[in-house]
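Notes to accompany the following structure.
Residue numbers (our numbering), protein chains in the order written: chain G, 538 to 777; chain V, 2 to 1169.
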């Protein structure tokens, strides 16, 4: 790794000291050209000397999200400078997304292994989306759940023997179509009567015998959503 | 006119007297006079002369009537009351002479007084007074004999009324009645009545002064009667006087006082007795005995059985006083036999003497130990009291009166109607059609002034008023809740700030762990340096902790538990309302019933039960049962939530029961049904808080029992409040209850013969009696105490309570309005007759005219009008009904349509109809509007109190979490510090590394866990973000601050400057709180604060400059770092953080900046 210049933005002195220790120990290539405790100091330093990397804490002083705005401005004004977020906001996923939207190259949470040499190296080599272990775990977790959800959907369709027309019927019911409107769809070769029959049939398939009483269209659709037969994120009507 | 009429009648009656031969008349008058004179001397003579007079006075009706009156007297005296009344009725129906009528009525009063018929007495009295008034108008033309008779009757009337009032306990009325008698006039006319007057003065109750003087005065009057009676051989009064004297002389010390002060009179009295011996003056009763026996003798010769009975009663009382119970009883029984032999069998007429005798007999039997008979006579006495009650007839009388009044009113109305009608008809001859329609229109127009309309208005007003009142009440509650919500919100922000502060320690711990890991690696950074860094971190943590601790300490006790006493049922009812969510999962929810009262915080209790039942629902599968059971003992109520769910392993149960901190994620099953698992920890925290707050809650507890696969049972205990205690503690109503309870015990004790205990109960109950009480209950209480005292032969206590019982009985049953009722009744009857005649006359005339002239057209028109007025009345009553206005409106529309149909074609009627309909409609609409307003307000109240409770629970839980955090993590950093110091002194050795690493890891985990518990509570935002116009908002803040500066005479000055007219997205109250937090520490200092607001593209930037003082911190960034004085700034930071989280665009700033002669706080908010 080539030597590079770094500015650390951190308002808690104790933490700053720790970060400096880590950089000294792990990343000897990095030259700390300054550390700023607040926004004013940071911009002053930037005017004096532009670094290669800014290690940015999101919360400074009284505000907890100012880093997002600083990051956005750095991205606007100094396109070549890398920004690595180093934050103690361990739960605020929304803020991470905001920081990424503001142009941050990576986010390192102040927990677990903290700042790793490899992470910094990757940022310096131009990689985007550099995260440390705790964030990666979360991302992977969510990804897994999503994939499993999709699998469940096809399983559920098989299990309850939902065909293409059942799916279409349920989907349009969910979108608020009346049976008459559904029967007018181009890819729906059934009349209202047979749609009604289909609905009764679906109720029998999706509900056990003792649950069937009083099930209306709304309950049926909700059940379909619960069983992941329908995907709530992809409820789109077909062309008429 | 009336004068003239009465003159005429009188002349007629006087002339009627003279029509038979003069000799006959004189003879009859003489015989009647004789009969009257012998009334009080010898009844047989009286009867003889009266019969003579009657047989002679065939052509002299007045004489016959007078004789009959005398015969009635004899009948009365012989206790043949029915016969007496029969004779008197004859007189009333046959005589026209006012004097005879008067005498008959007075005689009737006498009979009614004897048989205690208050109603009859007053009816007779009113008639008598009426006659007397008539006679007085023509007094001058009466001859001497007539005058004398009138005077006698007059005085008799007053004395009888006086006696009645006296026995009914209406003393002031008795006084008035007595003092209307003119003794001088009596002295001239009728000596018997004068004696009667004197006897009254002596026989008690009408004298004033101290008791000795009263007795002496009474003695003098009675003696006078005695003397006069014996001189005129007037046996009746003489005997009465002897009897009263005997009673008088039975007073302790009385004979010697008389002997001393009235020696001659005393001697005379002693000499009266045929077997008189020299009676020593200090022997208190022997003289009384002598006098009573003399009285009996005299009454016997006079043949008055009633009075003989009374005298025997007196004799019995004297024996009783002498503790000679056998003789006393003998006398009482003899008196009773006398009365019974004379009065008719099966006759319910009760004389006062009889009821008194019953009471005395009950005392006598009790004294000789015959309790059974004593009870029998006591009950008979009470029955007599009830029989002589006046109000038994009250209801029927009132109904009768009302009926008469209303019938008279109707007749009147009808009469007026008829007059109007006949007038109208007369005029109709000239202008028939025009007049008629005008009148009809007028009548209908008058509907809007009618009673029904007014009633409708009143009803509506009342209902609106009611609604207004409810609204005011609601508004007050709303205000209280609103204020509470404000307070809780600000408390909540401060707690959130604390949690943030606590959370800010976690990165330190992470860094510490990282540093410890690096210890073992070779690195450019020396081991010593790392150890020093760890030391620094520990110190940093200690610093944050101390700030947090002092902050927590500062607010401790600020939010108290809202402890109250409430029935646990209220909470259970709310829980059972949520059974649907259980049913959906196929789980049966059973909630026990319970009447127990507990002392606890109701909102938190509900939270706990909800949390535990929710948990139970989550872990119970289809077909299972969740049972909320309530068991209790004297000390506590245990609420247990048991389920048939998956259950918990024994190790976990142990963990839940015994350790304060554990990782909920590792307990029980781990799947996505599970939340974060802090619910149970929170419940435990609440119970611990109860325990800490007061020793009253020492019985509070929380626990779990479970078996894997079978289910779990979570329970907690709250202190029970025993309902008996609860009852005694509260208001008058409840006191009445306890009085009732004591009365019941007293009654029970009496029934079971525990009389001493009964008296004790009674005394306790008496202590509770205060003025506004149930008279009936108090009366019964006295009665029962009297019974108890009677049984114990405690005569003083007995008299006291019996007297009180009788007094209350009279008070309770007395009816002061009898006289006026009777007067009113007779007047209405008279008026009614007159009206009736006139009415018939008019209706006859009117009918003829009516039939002749306009029957047909009128019928048709009347039908329309009455139909219409019927509809309109129905509209009015509809609008006055209590049904909700919304429902009534529909019916009203229907009526409207019907009534329009009924008057179709008549424009004037249609107009009236529509105007009246509009009026009714308007009323209803108004009512409906106010009802809707009220409903809206109530809904608002529900919403706000829901929020209030939510915030309250959240605050309590945050408090608990913070306090657990404080206690469980207090010693961690110092322990680390010790270990690091040890490591530093022994640099080469790395044996401690592992130990330190383990400790810090444990510490880190526990700290993160507890922080997590707290943060879970903070997931929902408490902000109420709305567009806020900055100048308005700042202006109101300025006003508030100026007031505060002025009120507390603070040293600083504050002003606004350059406020841009922009709107921001913010919560107005919390913005104010933020500004105040920034200002607050500078307010007492001599500085000048200037607040301004500028705006750029996205943000509005507020700046608060503070000049004139030196900056309190070295580095301006330190304002927002942990420090004892920085709490307000940390709160401000939290508020901004909340805004940041709620906005769609992060990046809000809050920092301090130096400026000339001071510094400046800057913060930004998102523009709208």
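Cβ coordinates follow ideal geometry from the N, Cα and C atoms, glycine included.
_residue 324 of chain V versus V:355, V:928, V:369 and V:357, residue with shortest Cα-Cα distance_ = On the second chain, residue 324 of chain V is found 323 positions in, with the first residue counted as 1. For residue 324 of chain V, the nearest C-alpha among the options comes from V:369.
*Endpoints, beta strand (DSSP E) assigned at residue 624 of chain G*: To locate residue 624 of chain G, count along the first chain from 1; it is residue 87. Counting along the chain, the beta strand (DSSP E) containing residue 624 of chain G begins and ends at 619-624.
*Between residue 477 of chain V and residue 1070 of chain V, which are expected to be in contact by the criterion C-beta below 8 angstroms, what is the C-beta distance as a whole number of angstroms?*
Counted from its first residue, the second chain places residue 477 of chain V at position 476. Counted from its first residue, the second chain places residue 1070 of chain V at position 1069. About 21 angstroms; that fails the 8 angstroms criterion.
*asked:* I'd like to check one pair, residue 621 of chain V with residue 591 of chain V: are the Cβ atoms closer than 8 angstroms?
replied: Working through the second chain from its first residue, we reach residue 591 of chain V at position 590. Working through the second chain from its first residue, we reach residue 621 of chain V at position 620. The criterion of a C-beta distance shorter than 8 angstroms is not satisfied by residue 591 of chain V and residue 621 of chain V.
*Run through DSSP, which three-state label would residue 1095 of chain V get?*
As a first step, residue 1095 of chain V is located in the second chain; it is residue number 1094 there, counting from the start. The three-state reading of DSSP puts residue 1095 of chain V in strand, counting E and B together.
*Alpha-carbon spacing of residue 36 of chain V relative to residue 185 of chain V, whole angstroms*: Along the second chain, one-based indexing puts residue 36 of chain V at 35. Along the second chain, one-based indexing puts residue 185 of chain V at 184. Here the alpha carbon of residue 36 of chain V sits roughly 24 angstroms from the alpha carbon of residue 185 of chain V.
*asked:* When you compare the CB positions of residue 650 of chain G and residue 630 of chain G, do they come within less than 8 angstroms of one another, or not?
replied: In the first chain, residue 650 of chain G corresponds to position 113, counting from 1. In the first chain, residue 630 of chain G corresponds to position 93, counting from 1. Not closer than 8 angstroms, so no.
*asked:* Using a Cβ-Cβ cutoff of 9 angstroms, what residues of the segment 556-569 of chain G are near chain V? List them in chain order.
replied: For chain V, the residues of the segment 556-569 of chain G that bring a beta carbon within less than 9 angstroms of one of its beta carbons are 556, 558, 559, 561, 562, 563 and 565, in chain order.
*To which residues of the same chain is residue 243 of chain V closer than 6 angstroms at the C-beta, ignoring the five residues directly before and after it?*
Indexing the second chain from 1 puts residue 243 of chain V at position 242. 292, 295 and 296.
*What first and last residue would you give for the alpha helix (DSSP H) that runs through residue 548 of chain G?*
Taking the first chain and counting its residues from 1, one reaches residue 548 of chain G at position 11. From DSSP, residue 548 of chain G is part of no alpha helix (DSSP H); its letter is neither H nor E.
*Does residue 613 of chain V have its Cβ less than 8 angstroms from a Cβ in chain G?*
Within the second chain, residue 613 of chain V is the residue found at index 612, counting from 1. The C-beta of residue 613 of chain V comes no closer than 8 angstroms to any C-beta of chain G.
*For the alpha helix (DSSP H) holding residue 686 of chain G, just list the boundary residues, first then last.*
Along the first chain, read from residue 1 onward, the residue named residue 686 of chain G stands at position 149. Here the alpha helix (DSSP H) through residue 686 of chain G covers 670-696.
*Does residue 1129 of chain V get closer than 8 angstroms to chain G when you measure Cβ to Cβ?*
For this step, residue 1129 of chain V is matched to residue 1128 along the second chain. Not an interface residue.
*Quick one: Cα of residue 53 of chain V to Cα of residue 409 of chain V, how far?*
The count along the second chain starts at 1 and reaches residue 53 of chain V at position 52. The count along the second chain starts at 1 and reaches residue 409 of chain V at position 408. C-alpha of residue 53 of chain V to C-alpha of residue 409 of chain V: approximately 46 angstroms in a straight line.
*Go ahead and pull the three-state DSSP assignment for residue 293 of chain V.*
Residue mapping note: residue 293 of chain V aligns to position 292 of the second chain, counting from 1. In the structure shown, residue 293 of chain V adopts helical secondary structure according to DSSP, grouped into three states.
*Applying a beta-carbon distance threshold of less than 9 angstroms, which residues of chain V neighbour residue 600 of chain G?*
The sequence position of residue 600 of chain G within the first chain is 63, counting from 1. In chain order: 1121, 1134, 1137, 1138, 1141, 1148, 1149, 1150, 1151, 1152, 1164 and 1165.
*Given a cut-off of 8 angstroms, decide if residue 1143 of chain V and residue 1024 of chain V are closer than it, judged by their beta-carbon atoms.*
Start at 1 with the first residue of the second chain, and residue 1024 of chain V comes out as number 1023. Start at 1 with the first residue of the second chain, and residue 1143 of chain V comes out as number 1142. Against a cut-off of 8 angstroms, the Cβ pair of residue 1143 of chain V and residue 1024 of chain V comes out as a contact.
_Where residue 581 of chain G meets chain V, residues with beta-carbon distance less than 9 angstroms_ = Taking the first residue of the first chain as 1, we reach residue 581 of chain G at position 44. Near residue 581 of chain G there are no residues of chain V at all, since even the closest Cβ is about 13 angstroms away, more than 9 angstroms.
*Do residue 605 of chain G and residue 591 of chain G have their CB atoms nearer than 8 angstroms?*
The sequence position of residue 605 of chain G within the first chain is 68, counting from 1. The sequence position of residue 591 of chain G within the first chain is 54, counting from 1. No, the Cβ-Cβ distance between residue 605 of chain G and residue 591 of chain G is not below 8 angstroms.
*Evaluate residue 1115 of chain V with the Cβ neighbour count: other Cβ atoms within 10 Å of its Cβ, from every protein chain shown; 16 or more gives buried, anything less gives exposed.*
Locating residue 1115 of chain V in the second chain gives position 1114, counting from the first residue. Residue environment for residue 1115 of chain V: exposed (fewer than 16 other C-beta atoms within 10 angstroms of its C-beta).
_Can you look up residue 1107 of chain V in the DSSP assignment and give me helix, strand or coil?_
One-based indexing of the second chain puts residue 1107 of chain V at position 1106. Of the three classes helix, strand and coil, the one that applies to residue 1107 of chain V here is strand, per DSSP.
*chain G contact residues for residue 509 of chain V, given Cβ-Cβ distances below 8 angstroms*: Within the second chain, residue 509 of chain V is the residue found at index 508, counting from 1. In chain order: 551 and 552.
*Could you name the residues of chain C that residue 541 of chain V contacts, counting a contact when the two beta carbons are closer than 7 angstroms?*
Among the protein chains of the structure shown, namely G and V, there is no chain C.
*What residues in its chain sit with their C-beta under 6 angstroms from that of residue 921 of chain V, if we drop five residues either side in the sequence?*
Mapped onto the second chain, residue 921 of chain V falls at position 920. Contacts found: 876 and 880.
*Would you mind working out which of V:1019, V:212 and V:997 sits nearest residue 955 of chain V, comparing C-alpha positions?*
As a working note, residue 955 of chain V is residue 954 in the second chain. Closest option to residue 955 of chain V, Cα to Cα, is V:1019.
*Near residue 190 of chain V, what residues of its chain come up, given a Cβ to Cβ distance below 8 angstroms and the 5 sequence neighbours on each side ignored?*
What you label residue 190 of chain V is simply residue 189 of the second chain in a count that begins at 1. 148, 149, 152 and 153.
*Could you please give the first and the last residue of the uninterrupted beta strand (DSSP E) stretch that includes residue 588 of chain G?*
The residue you call residue 588 of chain G lines up with position 51 of the first chain. Taken as a continuous stretch (DSSP letters only), residue 588 of chain G belongs to no beta strand (DSSP E), as it is neither H nor E.
*Mapping DSSP to helix, strand and coil, what is residue 592 of chain V?*
Position 591 of the second chain, counting from 1, holds the residue named residue 592 of chain V. Shown here, residue 592 of chain V sits in a strand according to DSSP, grouped into three states.
_My parser needs the alpha helix (DSSP H) runs of 4 or more residues fully inside the segment 234-269 of chain V; what are they?_
For the segment 234-269 of chain V, whole alpha helix (DSSP H) runs of length 4 or above, ordered along the chain, are 236-250 and 255-262.
*Take the Cβ of residue 1173 of chain V as the centre, count every other Cβ of all protein chains shown within 10 Å, and call the residue buried at 16 or more, exposed below.*
Chain V is shown from 2 up to 1169; residue 1173 of chain V falls before or after that span and cannot be answered.
*Who are the Cβ neighbours of residue 50 of chain V in its own chain at under 8 angstroms, not counting the five residues just before and after it?*
Numbered from 1 along the second chain, position 49 holds the residue referred to as residue 50 of chain V. Listed in chain order, the non-local C-beta contacts of residue 50 of chain V below 8 angstroms within the same chain comprise 32, 33, 35, 36, 39 and 71, local neighbours out to five positions each way being set aside.
*Length-filtered (3 minimum) beta strand (DSSP E) runs lying within the segment 677-710 of chain V*: Fully enclosed beta strand (DSSP E) runs of 3 or longer: 702-708.
*Opposite residue 1089 of chain V in the DSSP bridges: which residues?*
Your numbering for residue 1089 of chain V matches position 1088 in the second chain. When beta bridges are read from the DSSP output, residue 1089 of chain V appears opposite V:1054 and V:1108.
*Using the beta-carbon count (16 or more within 10 Å), is residue 358 of chain V buried or exposed?*
Working through the second chain from its first residue, we reach residue 358 of chain V at position 357. Classification of residue 358 of chain V: buried, given that the 10 Å Cβ count is 16 or more.
*What residue does the beta strand (DSSP E) around residue 1165 of chain V start on, and which one ends it?*
Taking the first residue of the second chain as 1, we reach residue 1165 of chain V at position 1164. For residue 1165 of chain V, the enclosing beta strand (DSSP E) starts and ends at 1159-1167.
_Opposing strand residues paired with residue 762 of chain V [DSSP bridges]_ = Position 761 of the second chain holds residue 762 of chain V. The bridge partners DSSP lists for residue 762 of chain V come to none.
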